[in-house]
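All letters in the sequence shown, in the order written, are residues 39 to 263 by the numbering used here. Some notes on the structure that comes next.
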Amino acid sequence: MQTVRLLAAALTMVSLQCAAAPFGLQVGDVRLGFDVPAGFADALPSGSPRLQDLAESFTPATNRILVFALSDADMRRFNAGDAPELKSYLLAVTPRALEQDRMSLQAFERYVRDGLRGLGKPIEGDFTKVLETRPMGEAVVIAELLTDPDAAAVLRAIRIPPPEGLFSYFKPSQYVLSSSAVILLRGKALTLSLTSGYESKADIDAMRTVMLRWIDDLRRLNAVK
């Protein structure tokens, strides 16, 4: 999670521009301007079937994957022939059933409302204590990050088992944070997600900073001139 915290700190000291050059994404009949936060790189242009399969394992088949971004460190590992550690990664998808349609703001608000209803309300108090009482792998909402007409974002947490080993039973539980957003860009609904490990409460603020900055950058890139 240190990667995301360092990224969030860097973003407070640089301009609103992402470090990488923006690029285009064709979604139905619309070409969107897109970018990923500094410290990440889209892995799909590599053409690797292994990375494509990995990306598809993170989202339902009803979604079309637009971007699967690994940290710069993981991209270096992959290019050197090593497996990515996946301590942090980004995903951007769009529903296949809606890709050819232009969604109105009113339809988008209903779409978001239906999706948020299924996630439940944010839990109160120490989420780690709450998750210890829940089944392993169950996700809970721990914060609402944004509720705008054209975008909504939440932060969820999941408890996962510690790495297997001789003393794994005595190791503390591990937690994963996932910041998810739905955004309407020029009539197209996109889901953005940032996933990373959890070490301290500072990670929550870091995830919020990165996701909200990402949303603002995409709005800027797709603003009507």
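Virtual Cβ for every residue (Gly too), placed ideally from N, Cα, C.
As assigned by DSSP and simplified to three states, the class of residue i
i    : result
N101 : strand
M245 : helix
P133 : strand
Q64  : strand
L124 : coil
A81  : coil
E237 : coil
S231 : strand
V74  : coil
D4   : This structure cannot settle anything about residue 4, because the visible part of the chain is limited to 39 through 263.
D112 : helix
Opposing strand residues paired with residue i [DSSP bridges]
i    : result
T166 : According to DSSP, T166 bridges with nothing at all.
Residue closest to residue i, alpha-carbon to alpha-carbon, out of the options
i    : options                   : result
S193 : K167, E170, V220 and G119 : First, the amino acid is wrong: residue 193 is Leu here, not Ser. For the residues K167, E170, V220 and G119, the minimum Cα distance to L193 belongs to V220.
P173 : N101, I198 and S238       : I198
D112 : L223, L104, S126 and D241 : S126
V214 : T247, E176 and A93        : E176
Y185 : T100, I253 and R115       : Here residue 185 is Thr; the residue named in the question, Tyr, does not match the sequence. Measuring from the Cα of T185, the nearest candidate turns out to be I253.
T166 : E237, G77 and G71         : E237
I242 : R151, A189, E182 and D188 : E182
Beta-carbon separation (whole angstroms), residue i vs residue j, contact threshold 8 Å
i    : j    : result
A130 : L108 : Contact flag wrong, Cβ pair sits at about 13 Å.
G66  : Q138 : 5 Å
V179 : I161 : 7 Å
R140 : R102 : Not quite, the Cβ-Cβ distance comes to about 16 Å (not below 8 Å), so this is no contact.
V188 : L222 : In the sequence on display, residue 188 carries Asp and not Val. Indeed, because the Cβ distance is near 5 Å, the residues count as touching under 8 Å.
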